[in-house]
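Asker: Here's a structure for you.
Number of protein chains: 2
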Amino acid sequence: MRNKKTEDKKSFISEARRAQIFDAVIMTLDEIGYIHASLAQIAKKAGISTALISYHFRDKNDLMDYTLKKLLTDMSTYVLERTQASSTPGDKLRAYIEASIAYHVNKPKYNIALIEIVFHARTVDNIPYYKLDDDEENPLESELQQILLAGQEKKDFGDFNVVVMASAIRGSIDEYIFNKKLIGTIDPQTYSTELVNLFNRAVLR
Amino acid sequence: MRNKKTEDKKSFISEARRAQIFDAVIMTLDEIGYIHASLAQIAKKAGISTALISYHFRDKNDLMDYTLKKLLTDMSTYVLERTQASSTPGDKLRAYIEASIAYHVNKPKYNIALIEIVFHARTVDNIPYYKLDDDEENPLESELQQILLAGQEKKDFGDFNVVVMASAIRGSIDEYIFNKKLIGTIDPQTYSTELVNLFNRAVLR
DNA sequence: CTATAATTTGATCAACTGATCAAAAAAATG
DNA sequence: CATTTTTTTGATCAGTTGATCAAATTATAG
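Those protein sequence lines, which keep their order, are chains A and B.
Residue 103 in our numbering sits at position 86 of the first sequence; the count goes up by one each step and never skips.
Residue 171 in our numbering sits at position 154 of the second sequence; the count goes up by one each step and never skips.
Below you can see the structure in the form of C-alpha cells.
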C-alpha cells in the first residue's frame, strides 16, 4: 500500500519544495503547536502560499503523515546506526538507551514535532495515531526486543518477559522527553547512565 | 492562586450542572478527541446549549482546566489510597504499580480524556500542558519518590538515583496506557506483576 | 404572591479553518 | 523560438469555531 499523493506525485526537482515545507511544519509545530498550525501559518513560515502546500500534498492529513514518517525514519536511523555498532547484547542495550536519549537532546524540535503530530493527527476514520495498533512494525521497538531476546539466548540476560521489559525501557526513555521538569533537573548523561545501570540490574540473571 | 471562574463562581446547586458538563466533556473527548470537541459537541452531548457552558465556565480553557484537575485528583486518590494501605517500602511500591495499572483498566475513558487534555490544551501563553514544569508538585510523583527514599533509608533498597528510578517507574506505567498494541498483547495483571518483579530487581541492593 | 436573582436559551458575531480554481508565471520540451 | 507542462499565486468558498447578549425561564427570598 503506497502513499496516495506523497509518492505517486510527479516527483521532480520539486522534492526540494516538499523538504522546505517539511522544515516549515517542524518549526511551526515547535513554535505554536499543532492546534495553531494552520496551513496559513505553515505557508507563512515557508514563505509560500497556502495553495502551494495543497498542490504538493493531497490534504493536511497527507502533509502530517509525510512529516511523521520522515521524523520516525530520522530517529530510527540515528538510534539503530549507533546500536548496531556494538556487538554484545549488553553493549547494544547500553548503546540503544544512550543513543535514544542523545537524539532527544540533539534534535529537540524534531521531538516536539513528533509528539505534536502523534497526539493530534488522526486517520480519516478519526482514530488518533497514538491509539493506532502501529500499522507497520515499529523498527525501534522490534530492535529492542531482538536485543533482549539475543541476551536471553546467550544466557547473558536472565528470565523475564521480553515485551514488558522492552516497554519499560521505552517508557523510561520517553519519560525524559515528556517530562520537562526532569530535563531541567537531571542532565541527559546522568539519566542515560542511571538508566543503563538500572536496567542492567533488572536484566541480569 | 485560586481559579478564576471555577471557584469564585456563585457555586449554588448548579455544581450539579458543572458535574454534568464534566461528564459530557469526558465522553466527548473519548469519542471524538480534543480537536473535534467543540463547545457545540460538548453541549449536544450534555443536552444543553453552548451558551450555558459559557455561563458556568469563563472559556474553553477554564473548562478544560477544571476537567483536568478533577481527573488528576480522581486518579491520585485512587492510587494513593491503595498505596498507603501498605506499610513497608517494598509493599508500597508493589501497591503503587498495581494500583496505577488497575486505574487505567478501570477507567479507560478518564485516561483518554486525560491524555487528550494534557497534549492539546494550552495555557493563555500558548504553553502546552505537557511542557509545563508541573506548577504544583504532582502528588503521584512525589509519593513515589518518598517510597523509594524510605526504602533506601531502611536499607531495604540499594543505592540509585531516586528521581531517575521514579521516572523509569512512571514511564513504564504510562507506556501501558499509551501503547494500544501493548494493551492488546499483555493483560494488565501480567504487566503489573512483571513490572513489580523488574523493579524489585532494579531496586534491591 | 411579588420581586429579585440565578439560570438558560436562541440568535448572532467576526475570525479562522482547509480546500478549490482559474489564471499567471516559470520551467521543460522539441 | 514556440508550445506544452509544471509550478505558483490570489481570490474565494462554505463550514466551523468560541464567544456574546438580550430576552425568556426558573428558582429564591421577603
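By construction, the Cβ of each residue, glycine as well, lies at the ideal position given by its N, Cα and C atoms.
None of the values given here were measured: they were computed from a predicted structure.
Since A:Pro145 sits in a beta bridge, which residues does DSSP pair it with?
Answerer: Paired residues: A:Arg139.
Asker: Closest Cβ-Cβ distance between A:Lys22 and chain B: below 7 Å?
Answerer: Residue confidence for A:Lys22 is low, a pLDDT of 42 falling below 50, so the modelled location carries little weight and cannot support an answer.
Asker: What residues of chain B sit near A:Gly50, judged by a beta carbon separation below 8 Å?
Answerer: Those are Arg139, Asn143, Pro145, listed as they occur along chain B.
Asker: Counting Cβ pairs closer than 8 Å, one from the segment 152 to 170 of chain B and one from the segment 104 to 112 of chain B, do we hit at least three?
Answerer: Segments in contact, yes.
Asker: Suppose you measure from the CA of A:Ala130 to the CA of A:Leu69; what does that come to, to the nearest Å?
Answerer: If you take the alpha carbons of A:Ala130 and A:Leu69, they lie about 21 Å apart.
Asker: Can you check whether the CB of B:Lys148 is closer than 7 Å to the CB of A:Lys197?
Answerer: For A:Lys197 and B:Lys148, yes; Cβs fall inside 7 Å.
Asker: Any idea what DSSP makes of B:Phe174, helix, strand or coil?
Answerer: The answer is strand: DSSP assigns B:Phe174 an E or B state.
Asker: When the cut-off is 7 Å and only beta carbons count, does A:Ala219 lie next to chain B?
Answerer: Yes, A:Ala219 counts as interfacial toward chain B.
Asker: Are there 16 or more other CB atoms within 10 angstroms of the CB of A:Gly50, so buried, or fewer, so exposed?
Answerer: By the neighbour-count rule (16 or more Cβ atoms within 10 Å), A:Gly50 is buried.
Asker: Taking only the alpha-carbon atoms, compute the straight-line gap between A:Phe74 and B:Tyr113 and give it to the nearest angstrom.
Answerer: Whole-angstrom Cα-Cα distance: 47 Å.
Asker: Hey, out of A:Ile190, A:Phe174, A:Glu192, whose CA is closest to A:Leu221's CA?
Answerer: Per the Cα distances, A:Phe174.
Asker: What would DSSP say about B:Lys26, mapped onto helix, strand or coil?
Answerer: At B:Lys26, the pLDDT of 46 sits below 50, so the modelled position is not reliable; the number obtained from the coordinates is stated separately. B:Lys26: coil per DSSP, three-state reduction.
Asker: By the 10 Å Cβ neighbour count, where 16 or more other Cβ atoms means buried, how is B:Ala57 classified, buried or exposed?
Answerer: Per the 10 Å Cβ criterion, exposed.
Asker: Let me see if you follow: with CB-CB separation under 7 Å, is B:Tyr208 close to chain A or not?
Answerer: With 7 Å as the cut-off, B:Tyr208 counts as an interface residue toward chain A.
Asker: With distances taken between CB atoms, is the gap from A:Met92 to A:Ala138 smaller than 7 Å?
Answerer: No. Outside cutoff.
Asker: For A:Ile118, would you say it is in contact with chain B, using Cβ-to-Cβ distances shorter than 7 Å as the test?
Answerer: For A:Ile118, the answer is no, since every Cβ of chain B falls outside 7 Å of its Cβ.
Asker: Indicate whether at least one CB of chain A lies closer than 7 Å to the CB of B:Lys197.
Answerer: Chain A contact via Cβ: present.
Asker: So the alpha helix (DSSP H) B:Asn155 belongs to, where does it begin and stop?
Answerer: No alpha helix (DSSP H) contains B:Asn155, which DSSP labels as neither H nor E.
Asker: Excluding five sequence neighbours on each side, which residues of the same chain lie with their C-beta closer than 6 Å to the C-beta of B:Tyr95?
Answerer: These residues qualify, in order along the chain: Tyr120.
Asker: Measure how close the beta-carbons of B:Glu192 and A:Phe177 come, nearest whole angstrom, since I'm counting them as under 8 Å.
Answerer: In fact, because the Cβ distance is near 15 Å, the residues do not count as touching under 8 Å.
Asker: Just to make sure I have the definition right: I need the residues of chain A whose C-beta is within less than 9 Å of the C-beta of B:Asp191. Which are they?
Answerer: Ordered by position in chain A, the residues that pass the 9 Å Cβ test against B:Asp191 are Gly188, Asp191, Glu192, Phe195.
Asker: Ignore the nearest five residues each way along the sequence and tell me which others in B:Thr100's own chain have a CB closer than 8 Å to its CB.
Answerer: Cβ within range, chain order: Lys109, Ala112, Tyr113, Ala116, Glu160, Ile164.
Asker: Hey, does B:Lys61 have any beta-carbon neighbour from chain A nearer than 7 Å?
Answerer: For B:Lys61, the answer is no, since every Cβ of chain A falls outside 7 Å of its Cβ.
Asker: Report the residue from A:Phe195, A:Glu133, A:Val180, A:Gly201 whose alpha carbon sits nearest the alpha carbon of B:Pro205.
Answerer: When each option's Cα is compared against that of B:Pro205, the closest is A:Val180.
Asker: In terms of DSSP beta bridges, what is B:Leu221 paired with?
Answerer: B:Leu221 pairs with B:Phe174.
Asker: Which first and last residues belong to the alpha helix (DSSP H) in which A:Arg99 is found?
Answerer: Per DSSP, A:Arg99 belongs to the alpha helix (DSSP H) from 77 to 100.
Asker: By the three-class DSSP mapping on this structure, what secondary structure does A:Thr105 have?
Answerer: Three-state result, A:Thr105: coil.
Asker: Would you tell me roughly how many angstroms separate the C-alpha atoms of A:Ile118 and B:Gly64, rounded to the nearest one?
Answerer: Their Cα atoms are separated by approximately 47 Å.
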